Every structure is written in structure tokens, then in C-alpha cells.
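This report concerns only the one structure given below.
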Amino acid sequence: SKPKVWVSRPFFPDIVDRLREHFEVTAETEERAFSPEELAVRLADADAAIVGLADRIDAGVLKGAPKLRFVANLGVGYNNLDLDALTEAGVGASNTPDVLNETVADYGWALMMAAARRVGEAERWLRAGQWKGSRFEGWLGADIHGSTIGILGMGRIGQAIARRAVGFRARVIYHNRSRLDAAIETECGATYVDKAALLAQADHLILVLPFTPANRHTIGAAELKAMKPTATLTNIARGGIVDDEALARALADGEIAAAALDVFEGEPAVHPDLLEQQNVVLSPHIASASRDTRRGMASLAVDNVLAAFGHGPSAGRPPTILNPGVLADAS
Ligand code: GLV
Ligand code: GLV
Numbered sequence: 003s004k005p006k007v008w009v010s011r012p013f014f015p016d017i018v019d020r021l022r023e024h025f026e027v028t029a030e031t032e033e034r035a036f037s038p039e040e041l042a043v044r045l046a047d048a049d050a051a052i053v054g055l056a057d058r059i060d061a062g063v064l065k066g067a068p069k070l071r072f073v074a075n076l077g078v079g080y081n082n083l084d085l086d087a088l089t090e091a092g093v094g095a096s097n098t099p100d101v102l103n104e105t106v107a108d109y110g111w112a113l114m115m116a117a118a119r120r121v122g123e124a125e126r127w128l129r130a131g132q133w134k135g136s137r138f139e140g141w142l143g144a145d146i147h148g149s150t151i152g153i154l155g156m157g158r159i160g161q162a163i164a165r166r167a168v169g170f171r172a173r174v175i176y177h178n179r180s181r182l183d184a185a186i187e188t189e190c191g192a193t194y195v196d197k198a199a200l201l202a203q204a205d206h207l208i209l210v211l212p213f214t215p216a217n218r219h220t221i222g223a224a225e226l227k228a229m230k231p232t233a234t235l236t237n238i239a240r241g242g243i244v245d246d247e248a249l250a251r252a253l254a255d256g257e258i259a260a261a262a263l264d265v266f267e268g269e270p271a272v273h274p275d276l277l278e279q280q281n282v283v284l285s286p287h288i289a290s291a292s293r294d295t296r297r298g299m300a301s302l303a304v305d306n307v308l309a310a311f312g313h314g315p316s317a318g319r320p321p322t323i324l325n326p327g328v329l330a331d332a333s
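Heads up: the sequence shown runs through residues 3 to 333, numbered per the UniProt record's numbering.
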């Protein structure tokens, strides 16, 4: 009989269908969060799974999944996977890097510009029927063109954001655990600085670093104080990288001018203090959500599962496997 794959959330039926030749597919028809117990039930006889960022796959869940051999994550960030536990259990895992870089970079700019130019706030005001006349000195925001854009986390998404700065004649500074090769710095037009200089000099700071326990609250009260009072902060990385409560306070106190957040610690819950602030743009973790890119991510997840079970053009070599040693050990 065919191996079983569990697909944890509904997506593009034509892409799910590519699994059916080789797998018995159980696909959820509703988008929802699963408790660890529910995950264990669904994975009890699964050989493979395609999961979303809200599905936490850890040692406890894996205990209830004795047949599981491969987990494909629908996202580039994979802090919802305990990769050590998966590797320990001999389960391969993949993510969806690269296919979303340009789309996420577009969205980072969209949020940064919305914060700087107060797009959300102004729209709420208009919709509330408050536009009775105009004030020449109303709605003043910060320019993007000619500004200094600071990027924290300079992986491929950060680099795509940097490249977009050319047309805005903006200066790009960045900080990252490791400095980029000089050739890439030149190509991206980005200058490496330490974290203190990044905070002090950025007119618009954007966060694109992966979540690890070590960078929880990388931007907290002290870092917000170190920023310019006219600056904006955009988080398209992960919830928890910013201390959302400290950010709400900084926005209320005018320590920075505005913020834009696509990700939240504890999402889908949003810190109530943030909801109180007008000078923050809030969106529900949609940076990669363009029609083409979500299809590309789904397709890549399916390719990884097929390849892990010896099918498709990269049979035996899942294209974006995170722990390739697992498959080497199995063969
Ligand atoms: C989205 O947050 C992703 O990691 O792809
Ligand atoms: C950002 O995506 C990084 O990898 O630093």
C-alpha cells in the first residue's frame, strides 16, 4: 500500500494532487491550530507530513509518530520544528527558502513605507468619516527616499530588501552575525556596521533575522531607546524578536515614530498594548502571501516529500532538506 502523507492545512488542490500518485493523502479542509495531542493523533500512522508554521513538531509529538520519515514545513523559518528532535528520530525535514525572497522583500518595503507615511492610520481616520477638510501640516510622515535604511539579519531576504533601495537613493547599512562577502556587499549596496551603529543611524530599521532562543527580544526597551525618535521599525522576521510590550511603550512615549509588524510573539494573539497604538501598522503574517509565491512554497514542499520517498526529478535528494544526514543514514 502507498505511504500516507498528512497535509495540515488546505492549499492549492492541483498541487496537493501531485502527491496522490505515490501517497495516500489526508488533507485537512479547514485552517486551524492543532494541539500536540491532536498532532500526535494525525501523525500516528503518517509516513510524511506537510505542516504550517503554527504546527509545533517536537520530541513529544514525534513519540506518537513512529512511522514518520519526513516533515515539509510551509515556510522558510522553521522555529516551529525541533530540528534536533527530528534528526534524532531519523525524520527528514525541509523548509521553503528562496522561492519567497523577492515577495517577502516587496512586503517589507510595503510595511516600512506604510509605517513611515502613516498609511494605515490615515486610512482608518478617513473610513471613520473624519475627513472634513485638510490640514497642510497634517499627516506628516518620514521620507524613505534619501534615508538610511538599516537591515538586521542579512540573509537572502535582507539582501533582496537592500537591492530595492537603489531607486530610492537610500543608504543601506546592515548588521548580521557574519559579514557578507565584499562582492555581495557591493552588489547590494550595503555597508556593514555594528548593532549599536545600526540602531543609532537607521531612519528605517527592518528585521529579517531567523528566530532562535538567543535572539528573543533582540529589540527591547534599551534598543528602542537607542533609535532615533523619528525612526520606524519593521518586523517581518518572527514574533519574539521584538519585545512587543516594550515596543508599544516606545510608540506611546514617542521614542520612535512608528512601527510595522507582520509577526507577533504568541500570534495569532496580538499584544493589547499594540492594538491601542495608532502609529503601528499590523498585519497577520502575510509577507510571503502573493499568489505566485504561496504556490511556489506549496510546490516546493510537495517536491521535498516526493523526493524523500524516491520520486520526481530530485528523487532521493529533497531539494531543500534541512538535515540531509538523516537520509544518508537511512540509505
Ligand atoms: C514565513 O514566516 C516563513 O517563514 O516562510
Ligand atoms: C536572515 O534571513 C538571516 O539569515 O540572517
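Virtual Cβ for every residue (Gly too), placed ideally from N, Cα, C.
Computed from a predicted structure; not experimentally measured.
6 Å CB neighbourhood of residue i in its chain, flanking five on each side removed
{"i": "residue 161", "result": "190"}
{"i": "residue 310", "result": "72, 94 and 320"}
{"i": "residue 152", "result": "175, 200, 204 and 207"}
{"i": "residue 260", "result": "117, 234 and 281"}
{"i": "residue 245", "result": "219 and 222"}
{"i": "residue 27", "result": "7 and 21"}
{"i": "residue 157", "result": "none"}
beta-carbon residue i near ligand 1 non-hydrogen atom, thresh 8 Å
{"i": "residue 287", "result": "yes"}
{"i": "residue 293", "result": "no"}
{"i": "residue 166", "result": "no"}
{"i": "residue 98", "result": "yes"}
{"i": "residue 299", "result": "yes"}
{"i": "residue 235", "result": "no"}
{"i": "residue 102", "result": "yes"}
{"i": "residue 55", "result": "yes"}
{"i": "residue 34", "result": "no"}
{"i": "residue 240", "result": "yes"}
{"i": "residue 79", "result": "yes"}
{"i": "residue 10", "result": "no"}
{"i": "residue 149", "result": "no"}
{"i": "residue 265", "result": "yes"}
{"i": "residue 290", "result": "yes"}
Neighbour-count burial assignment, residue i, 16 or more Cβ in a 10 Å radius
{"i": "residue 147", "result": "exposed"}
{"i": "residue 205", "result": "buried"}
{"i": "residue 315", "result": "exposed"}
{"i": "residue 99", "result": "buried"}
{"i": "residue 210", "result": "buried"}
{"i": "residue 145", "result": "exposed"}
{"i": "residue 61", "result": "exposed"}
{"i": "residue 220", "result": "buried"}
{"i": "residue 242", "result": "buried"}
{"i": "residue 290", "result": "buried"}
{"i": "residue 143", "result": "buried"}
{"i": "residue 214", "result": "exposed"}
{"i": "residue 236", "result": "buried"}
{"i": "residue 225", "result": "buried"}
{"i": "residue 255", "result": "exposed"}
Cβ shell of residue i (< 7 Å), same chain only, five flanking positions each side left out
{"i": "residue 97", "result": "75, 77, 78, 80, 322 and 324"}
{"i": "residue 116", "result": "122, 262 and 283"}
{"i": "residue 35", "result": "56"}
{"i": "residue 317", "result": "309"}
{"i": "residue 181", "result": "194"}
Selection from the options that minimises the alpha carbon distance to residue i
{"i": "residue 280", "options": "207, 287, 55 and 118", "result": "118"}
{"i": "residue 41", "options": "73, 254 and 313", "result": "73"}
{"i": "residue 16", "options": "4, 29 and 6", "result": "29"}
{"i": "residue 137", "options": "33, 69 and 124", "result": "124"}
{"i": "residue 54", "options": "326, 328 and 303", "result": "303"}
{"i": "residue 39", "options": "25, 64 and 19", "result": "64"}
{"i": "residue 90", "options": "111, 107, 68 and 104", "result": "68"}
{"i": "residue 231", "options": "248, 243, 244 and 257", "result": "257"}
{"i": "residue 295", "options": "106, 164 and 184", "result": "106"}
{"i": "residue 87", "options": "58, 113, 111 and 110", "result": "58"}
{"i": "residue 1", "options": "318, 317 and 292", "result": "Beyond the ends of the chain as shown, which are 3 and 333, falls residue 1; an answer cannot be given."}
{"i": "residue 267", "options": "84, 287, 187 and 254", "result": "287"}
{"i": "residue 264", "options": "276, 245 and 238", "result": "238"}
{"i": "residue 170", "options": "156, 158 and 111", "result": "111"}
{"i": "residue 154", "options": "44, 193 and 11", "result": "193"}
{"i": "residue 216", "options": "164, 229, 183 and 179", "result": "179"}
{"i": "residue 195", "options": "159, 150 and 141", "result": "150"}
{"i": "residue 10", "options": "3, 37 and 23", "result": "37"}
{"i": "residue 188", "options": "249, 305, 82 and 164", "result": "164"}
{"i": "residue 166", "options": "31, 109, 184 and 326", "result": "109"}
Contacting residues, own chain, Cβ-Cβ under 8 Å from residue i (five flanking each side not counted)
{"i": "residue 168", "result": "191"}
{"i": "residue 227", "result": "252 and 257"}
{"i": "residue 50", "result": "5, 6, 7, 8, 25, 70, 71, 72, 73, 74, 307, 310 and 311"}
{"i": "residue 133", "result": "127"}
Fill in: Ranges of the alpha helix (DSSP H) found wholly within the segment 54-108, counting only runs of at least 4
The qualifying runs are 61-65 and 85-90.
Worksheet item: At what residue ranges does the segment 245-273 contain a whole run of the beta strand (DSSP E), taking only runs of 3 or more?
Response: Taking only runs of at least 3 residues, the beta strand (DSSP E) segments lying wholly in the segment 245-273 are 260-263.
Worksheet item: Taking the runs of the alpha helix (DSSP H) that are 4 residues or longer, which of them lie wholly in the segment 180-237?
Response: Counting only runs that start and end inside the segment 180-237, the alpha helix (DSSP H) elements of at least 4 residues fall at 184-190, 197-203 and 223-228.
Worksheet item: What alpha helix (DSSP H) runs, 4 residues minimum, are completely inside the segment 99-168?
Response: Entirely contained in the segment 99-168, the alpha helix (DSSP H) runs reaching 4 residues are, in chain order, 103-118, 121-129 and 158-165.
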